[in-house]
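Count along the sequence shown from 1, add 122, and you get the number used in my numbering. Cβ coordinates follow ideal geometry from the N, Cα and C atoms, glycine included. Computed from a predicted model, the values in this text were never measured in an experiment. The structure appears right after this line, and notes come after that.
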Amino acid sequence: MILSLVAAALAAAQAAAPQPFADAVAPPPGETRADTAGTPATTGGWTLLVHGGAGTIRRDRITAEQDAAYRAAIDAALMAGQAVLAKGGSALDAVQAAVELMEDDPLFNAGRGAVFTHDRTNELDAAIMDGRTRAAGAVARLTTSRHPVAVARAVLRDGRHVMLTGADADRFGADRGVEQMDPAWFATPHRREQIDEFLRREAGAKAVSSYDIDQKFGTVGAVARDARGHLAAATSTGGLTGKRWGRIGDAPIVGAGTYADDRACAVSATGAGEYFIRVGVAHEICARVRLAGESLQEAADAVMAEVLALGGSGGVIVAGPDGRSAFSFNTEGMYRGRLTSDGVHEVAIYDDE
123 MILSLVAAAL
133 AAAQAAAPQP
143 FADAVAPPPG
153 ETRADTAGTP
163 ATTGGWTLLV
173 HGGAGTIRRD
183 RITAEQDAAY
193 RAAIDAALMA
203 GQAVLAKGGS
213 ALDAVQAAVE
223 LMEDDPLFNA
233 GRGAVFTHDR
243 TNELDAAIMD
253 GRTRAAGAVA
263 RLTTSRHPVA
273 VARAVLRDGR
283 HVMLTGADAD
293 RFGADRGVEQ
303 MDPAWFATPH
313 RREQIDEFLR
323 REAGAKAVSS
333 YDIDQKFGTV
343 GAVARDARGH
353 LAAATSTGGL
363 TGKRWGRIGD
373 APIVGAGTYA
383 DDRACAVSAT
393 GAGEYFIRVG
403 VAHEICARVR
413 LAGESLQEAA
423 DAVMAEVLAL
433 GGSGGVIVAG
443 PDGRSAFSFN
453 TEGMYRGRLT
463 SDGVHEVAIY
473 DDE
């Protein structure tokens, strides 16, 4: 049943994929685990990486059915991005298509299936960035937009601002054709159980952290390099279980959870957002690549080690302008995948894959 829903979502995402280069003609007004040393350079081809969150993801905590469902969902996101890139589409369109598919999948903490706030609502954040122009769009605390990343893309396209928040951001998206949903559409039974558990434990004698409830951070993201050599990154999330007071994490913060620069790389992050903001993870990786001459893997590993040293956990996906790419995470697993025009096709979950 889960696999059939994933297949249906993939077909819908491919049919609704953005038109190639729709707005890319002119700029708008301690230990870090890594599963690869980096891929070979690709000339004239394309590269796509996606993630569905990093955290305490172990074989003894995931059933065989769940394992298969997550792998199928990651692969479906890769196929959604491939549908754009294989036709000569832009990296920007590809990352949006991949992330939109994951926003519709209740397995992930983004769009439908997002975690609940302390007030039992769903608040959605997203960002997208064009590495060619360094134009970016970001949104936070959406409650009705089906695809937060599409609203972020509309902000990028409009060009007058970089970040919009709350009901005004939802209205901005609605005015530009982004589908609006009843807030109840985003809620799932699993996430209701999580917030119930969070509030029960909070009411007890022992203090509780959002990270104690579910260590499978389900933020989703994608990075891509298109056939023209341009980069893009996109990230979308529901944030933390039980978040309060209008909390916004790293995902929609350009330079923290999302960044793209054709001169260096494209990065999408997932994990403990407060630490990623403090380190400026996504921009820091790009800066180390561009200014210090580090490889994607070296830069990603070094920055994730810095996050860990401060007490944070999570992971990143990185793509470079030459087609090289890297994953890096300091957790027990990260839902992740990679697809390239020259035949690389990988989907992985655990730290030993």
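Residue from the options with nearest C-alpha to residue i
i: alanine 355; options: Tyr457, Thr185, Ala248, Ala208; result: Ala248
i: glutamate 468; options: Ile179, His173, Gly166; result: His173
i: tryptophan 307; options: Arg256, Val237, Leu321; result: Val237
i: proline 228; options: Ala191, Lys209, Gln218; result: Ala191
i: aspartate 241; options: Gly377, Ala414, Asp384, Asp318; result: Asp318
i: isoleucine 439; options: Asp464, Gly402, Ser390, Phe398; result: Ser390
i: isoleucine 407; options: Gly166, Ala289, Ala422, Arg400; result: Ala422
i: threonine 363; options: Arg412, Ala386, His312, Ala349; result: His312
i: arginine 254; options: Ala409, Glu187, Leu353; result: Leu353
i: glycine 368; options: Gly211, Arg263, Glu225, Ala186; result: Arg263
i: isoleucine 196; options: Arg282, Ser212, Ala219, Ala208; result: Ala219
i: leucine 73; options: Ala346, Gly295, Met303, Gly442; result: Within the shown structure, residues of the chain are numbered from 123 to 475, placing residue 73 beyond reach of any answer.
i: leucine 207; options: Gly445, Glu475, Ala470; result: Gly445
i: glycine 379; options: Val261, Gly455, Val300; result: Val261
i: arginine 412; options: Arg385, Asp215, Arg400; result: Arg385
i: alanine 404; options: Gly415, Cys387, Glu420, Ser417; result: Cys387
i: arginine 256; options: Glu301, Gly377, Glu315; result: Gly377
Inter-residue Cα distance where the pair is residue i and residue j
i: aspartate 473; j: tyrosine 457; result: 10 Å
i: glycine 459; j: aspartate 280; result: 31 Å
i: proline 305; j: methionine 285; result: 21 Å
i: lysine 365; j: arginine 183; result: 24 Å
i: serine 463; j: tryptophan 168; result: 5 Å
i: leucine 278; j: glutamate 428; result: 30 Å
i: valine 425; j: threonine 239; result: 29 Å
In DSSP terms, what residue i is bridged to
i: glycine 281; result: According to DSSP, glycine 281 bridges with nothing at all.
i: glutamate 468; result: Arg460
i: isoleucine 250; result: Gly259, Ala356
i: glutamine 302; result: Ser267
i: valine 440; result: Val389, Ala448
i: alanine 378; result: None, per the DSSP bridge assignment.
i: alanine 202; result: Beta-bridge pairing links alanine 202 to no other residue.
i: aspartate 383; result: Cys387
7 Å CB neighbourhood of residue i in its chain, flanking five on each side removed
i: valine 221; result: Val271, Val342, Gly343, Ala344, Ala356, Ser358
i: glycine 166; result: Ala349
Closer than 8 Å: residue i CB and nearest the ligand NAP heavy atom
i: glutamate 324; result: The ligand NAP is not among the ligands present in this structure, which contains no ligands whatsoever.
Same chain only: Cβ atoms within 6 Å of residue i, ignoring 5 sequence neighbours per side
i: leucine 432; result: Tyr397
i: arginine 193; result: Val469
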